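*Asks:* For the sequence shown, position 94 (counting from the first letter as 1) is numbered 119 according to the working numbering, and the numbering increases by one without interruption.
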Amino acid sequence: MVKTIYFAFDSAELDEEAQARLRRAAEWLNRPENRTILFRIEGHCDERGTEEYNMALGDRRANAARDFLISLGVAPERIQTVSFGETRPAVPESNERAWALNRRDEFVYIQGGDPTPPRR
């Protein structure tokens, strides 16, 4: 399963790399042995912007990935979403590198199936 996808500043748009990762994840999730897997998409933001704005942006980011996976055949009842806004930075620094790494969706396994994808 995908671990993390990243976003541009102030955006919930999935870039080509994110879409490619999600396509691979959907292919894996749609295999018969993995159709019982439940997971959560956690939307995150960098520290810039208000807390309220970043909570909403994190929600849009998580739902963008969810909607894309659903469009690829992943059942919506298998996917939970949550926004953490700016409250859980991956890199607790204030610079361009940290901000880029904090603008992300993280995918968290909840239950079911085999959570370990095959190695390629």
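From the three backbone atoms N, C-alpha and C, an ideal C-beta is built for every residue, glycine too. Keep in mind it's a predicted model, so treat the numbers as computed, not measured.
First and last residue of the beta strand (DSSP E) that includes residue 130?
*Replies:* Following the DSSP letters along the chain, one finds residue 130 inside the beta strand (DSSP E) bounded by residues 129-136.
*Asks:* Write down the C-beta distance between residue 84 and residue 68 rounded to the nearest angstrom, noting that I regard them as a contact closer than 8 Å.
*Replies:* 6 Å
*Asks:* Three or more beta-carbon pairs under 8 Å between the segment 46-53 and the segment 96-106, yes or no?
*Replies:* Taking 8 Å as the limit for Cβ pairs, the verdict is that the segment 96-106 does touch the segment 46-53.
*Asks:* Taking the DSSP output, what are the residues bridged to residue 63?
*Replies:* Under DSSP, residue 63 forms a beta bridge with 136.
*Asks:* Considering only their Cβ atoms, is the gap separating residue 126 from residue 90 smaller than 8 Å?
*Replies:* no
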